[in-house]
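Engineer: Just passing along the structure, written as structure tokens.
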Ligand code: ADP
Ligand code: MG
Ligand code: MG
């Protein structure tokens, strides 16, 4: 069962410290939600865990299944089972969605054990149907000309095909109407299991009506400042973040 342990993580971008001592422990079977105001470092956390080269780790530690995650190259992290559904998925001209997905699956497999084309197509078509995606999206260039909602659905398609052991969703709910939100949430819920953990980053409580988290964390100014259960998300929805700032004496 997977386990991610982050201790006192500090990271900066272009010389500016964003993560200022963040700690978090996530185990298989658990769904953790991180909520927090804009600009607080949520996407920075996601990108740092994935090993994005723009972010420089200045201190602290991250282990994944007892291995030093920070020592691993980006592709090693993916092979180890990490997956990030990005807040702003990029467009890649010249690579079709189907080609991209098949390469991504095979990159995580041993040589000689690649998925067959037939089996891949069958799986992709089944998952696309679950996500109510137009079959033509398989043959379009990756994310090119996709609407915001279509990109988000496509991220979830990747997740469903890759079956990662640690899923990070960065504002997967932004730009989704209520029907798309339900479809995306169903996709996530169908993958919940003891062998998998979820870190759901969201600005709004709405998503958590569809994906019930085990733990809710509030992130402010580069740290987790408060943790609780789903009731914490509800309180943030009702009252905003000011009461936490007052409680903790945070001035911004
Ligand atoms: P969140 O996801 O919580 O909204 P981000 O992690 O995107 O926050 O951003 C955290 C901080 O890092 C913000 O102050 C943002 O302006 C800054 N930041 C993000 N990307 C860059 C960049 N490429 N260069 C400089 N600052 C950045
Ligand atoms: Mg933001
Ligand atoms: Mg963000």
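In full-length UniProt numbering, the protein residues as written are 4 to 255. We put the CB at the ideal spot given by N, CA and C, even for glycine.
What span of residues does the beta strand (DSSP E) with residue 10 cover, start to end?
Structural biologist: Note, residue 10: beta strand (DSSP E), 6-16.
Engineer: Closest to residue 58 by CA distance: which of 84, 82, 34, 13 is it?
Structural biologist: Closest option to residue 58, Cα to Cα, is 13.
Engineer: Can you give the Cα-Cα distance for residue 81 and residue 53, rounded to whole angstroms?
Structural biologist: Near 8 angstroms, if we compare the C-alpha coordinates of residue 53 and residue 81.
Engineer: Under a three-way DSSP split, which group does residue 218 fall into?
Structural biologist: In this structure, residue 218 counts as strand in the three-state DSSP scheme.
Engineer: Between residue 231 and the rest of its own chain, which residues show a CB-CB distance below 7 angstroms, the 5 nearest in sequence each way excluded?
Structural biologist: Excluding sequence neighbours, residue 231 sits near 219.
Engineer: Applying the criterion that 16 or more other CB atoms from any shown protein chain within 10 Å of the CB defines a buried residue, is residue 35 buried or exposed?
Structural biologist: When all chains shown are included, residue 35 counts as buried.
Engineer: Measuring CB to CB, does residue 182 end up less than 8 angstroms from residue 205?
Structural biologist: No; because the gap between Cβ atoms is not below 8 angstroms, this pair is not in contact.
Engineer: In the region 158-215, which residue ranges form an unbroken alpha helix (DSSP H) of at least 4 residues, counting only runs that do not cross its ends?
Structural biologist: Entirely contained in the region 158-215, the alpha helix (DSSP H) runs reaching 4 residues are, in chain order, 181-194.
Engineer: Specify the secondary structure class of residue 231 as computed by DSSP and reduced to three states.
Structural biologist: Residue 231 falls in the strand class under three-state DSSP.
Engineer: At the level of alpha carbons, what is the spacing between residue 19 and residue 156?
Structural biologist: Taking the straight line joining both Cα atoms gives about 33 angstroms.
Engineer: Use the C-beta contact count for residue 33: other C-beta atoms within 10 angstroms, 16 or more gives buried, fewer gives exposed.
Structural biologist: Classification of residue 33: buried, given that the 10 Å Cβ count is 16 or more.
Engineer: Let's test the definition: count the other Cβ atoms within 10 Å of the Cβ of residue 171 and tell me whether it reaches 16, buried, or not, exposed.
Structural biologist: It is buried - the Cβ of residue 171 has at least 16 other Cβ atoms within 10 Å.
Engineer: Residue 66 lies in the beta strand (DSSP E); which residues open and close that run?
Structural biologist: Residue 66 -> beta strand (DSSP E) spans 58-67.
Engineer: At which residues does the alpha helix (DSSP H) containing residue 53 begin and terminate?
Structural biologist: From DSSP, the alpha helix (DSSP H) with residue 53 extends over 45-53.
Engineer: Put residue 124 into one of helix, strand or coil per three-state DSSP.
Structural biologist: DSSP places residue 124 in helix when its eight states are reduced to three.
Engineer: Using the Cβ count rule (16 or more neighbours within 10 Å means buried), how would you classify residue 164?
Structural biologist: By the neighbour-count rule (16 or more Cβ atoms within 10 Å), residue 164 is buried.
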